[in-house]
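These notes concern the structure reproduced below.
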Ligand SMILES: Cc1cc2nc3c(=O)[nH]c(=O)nc-3n(C[C@H](O)[C@H](O)[C@H](O)COP(=O)(O)O)c2cc1C
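Residue numbers (the working numbering): 3 to 359.
Rendered as structure tokens:
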């Protein structure tokens with residue numbers, strides 16, 4: 003057993019040592035007072051597991067399906083920007099590790115590796131493309147075309163960053179900015195082959211987007227469309243009405259609007275409003291296999307992790323991402339066994355309760 007890396011927190015400690023304070027703060031930080039950032043993690047402590055005894059768990063599987071296709075576990079890799087600032091191989095290493103683990107990797111619009119490069123690195127892997135919508139529809143279309151050509155299976159439309167990132171005070175304090183020359187090949191190509199800065203990219207994003215636009219964006223491809231960043235029952239219902247194929251309950255890892263609910267607290271109302279019409283996923287603060295089981299019990303088909311993957315990547319490159327994903331898979335398997343659910347689908351609302359205050 004690798005006693006250096008017993009859990010996700012161990013990876014974070016090593017990542018903090020491996021990274022300069024500026025990039026570490028960029029990856030670790032949240033908006034303003036970081037209330038939501040902390041609450042995403044703390045929310046998992048406000049729910050307890052209700053294990054059922056004498057259930058046959060002689061065979062436990064973590065396998066499931068997500069958006070109609072198999073995944074080795076109900077845990078996916080969330081889209082995170084600028085992975086080459088963690089490790090030189092960046093998103094290609096993450097893609098290889100996710101494919102080897104048998105789960106889905108989401109590639110950010112702001113990725114430092116091109117969709118084609120990621121596809122070539124892990125040809126057998128499942129991958130989704132996270133898209134931001136630009137005022138110039140030609141740019142959005144060019145991005146989406148790259149994803150389609152490279153065999154991405156779904157689009158993830160992030161709706162909680164309308165043309166602006168949150169106020170990240172760690173970056174203001176360290177003076178961290180994405181280093182000039184950090185290439186975002188998919189964006190550069192979509193902008194006609196010139197180098198685009200992050201602030202330029204955000205300024206070019208379309209903040210006029212409203213729910214009826216969803217149909218137009220969905221119509222850009224045949225691919226299923228998931229809406230990422232939903233936190234309320236109202237928006238969950240609108241996502242269903244406007245043709246989304248899935249929603250991801252997310253607050254961008256506490257990086258956008260500080261003071262919004264922890265995603266685990268928002269999950270039940272979203273799941274209730276969706277009424278099983280489409281799949282509901284959740285991300286933010288997932289650090290343990292038991293967290294994943296709690297998310298399943300409260301209505302998620304699967305959870306996603308953002309920072310834990312970055313910690314693996316910064317600590318040990320591809321091997322580190324593999325380490326994090328394997329660790330989480332083992333923890334999920336053990337949690338399922340001990341809670342008395344032989345498969346992810348067997349987890350039900352009865353498996354959790356609010357912790358007494
Ligand atoms: C450094 C960093 C960069 C991110 N970049 C993106 C992005 O480009 N697009 C996006 O939709 N979400 C982005 N996210 C949000 C993640 O997809 C995800 O919602 C969040 O990380 C989940 O919380 P966790 O880090 O606690 O697991 C980013 C998060 C982090 C930490």
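Glycine included, each C-beta is placed from N, C-alpha and C at the ideal position.
This one's a predicted model, so the numbers in the text were calculated from it and none came from an experiment.
I need the DSSP call for residue i, collapsed to helix, strand or coil.
i, result
"residue 204", "helix"
"residue 258", "coil"
"residue 187", "helix"
"residue 117", "helix"
"residue 330", "helix"
"residue 130", "strand"
"residue 231", "strand"
"residue 180", "coil"
"residue 8", "coil"
"residue 143", "helix"
"residue 288", "coil"
"residue 38", "helix"
"residue 198", "coil"
Would you list the one or two residues that DSSP bridges to residue i?
i, result
"residue 136", "207"
"residue 72", "67"
"residue 354", "51"
"residue 107", "79 and 129"
"residue 250", "230 and 283"
In its own chain, which residues sit with a C-beta less than 6 angstroms from the C-beta of residue i, not counting the 5 before and 5 after it?
i, result
"residue 293", "46"
"residue 88", "312, 315 and 316"
"residue 152", "117, 118 and 121"
"residue 337", "291, 292 and 295"
Going by beta-carbon coordinates alone, are residue i and residue j separated by less than 9 angstroms?
i, j, result
"residue 355", "residue 49", "yes"
"residue 349", "residue 327", "no"
"residue 94", "residue 133", "no"
"residue 168", "residue 254", "yes"
"residue 275", "residue 246", "no"
"residue 304", "residue 76", "yes"
"residue 79", "residue 306", "yes"
"residue 4", "residue 325", "yes"
"residue 18", "residue 26", "yes"
"residue 141", "residue 192", "yes"
"residue 260", "residue 38", "yes"
"residue 112", "residue 131", "no"
"residue 252", "residue 234", "no"
"residue 157", "residue 223", "yes"
"residue 351", "residue 297", "no"
"residue 286", "residue 54", "no"
"residue 228", "residue 69", "yes"
"residue 14", "residue 33", "no"
"residue 339", "residue 59", "yes"
"residue 279", "residue 242", "yes"
Looking at the unbroken alpha helix (DSSP H) that takes in residue i, where does it start and where does it end?
i, result
"residue 92", "92-103"
"residue 162", "First-last for residue 162: undefined, no H or E at that position."
"residue 242", "235-243"
"residue 271", "265-276"
"residue 294", "291-299"
"residue 61", "Counting along the chain, residue 61 falls outside any alpha helix (DSSP H), and DSSP gives it neither H nor E."
"residue 24", "23-30"
"residue 217", "215-220"
For a cutoff of 9 angstroms on Cβ pairs, would you count residue i as touching chain D?
i, result
"residue 45", "The structure shown contains no chain D; it is built from a single protein chain."
Here's a check: name, in chain order, each residue in its chain whose Cβ is nearer than 7 angstroms to the Cβ of residue i, leaving out the five neighbours to either side.
i, result
"residue 301", "269, 270, 273 and 282"
"residue 114", "84, 85, 86, 92, 93, 184, 185 and 186"
"residue 238", "232, 249, 272, 275 and 276"
"residue 2", "Lying before the first or after the last residue shown, residue 2 is absent from the chain, which here runs from 3 to 359."
Go to residue i, then tell me how far its beta strand (DSSP E) extends in each direction, as first and last residue.
i, result
"residue 304", "304-307"
Near residue i, what residues of its chain come up, given a Cβ to Cβ distance below 8 angstroms and the 5 sequence neighbours on each side ignored?
i, result
"residue 105", "73, 74, 75, 77, 78, 79, 128 and 327"
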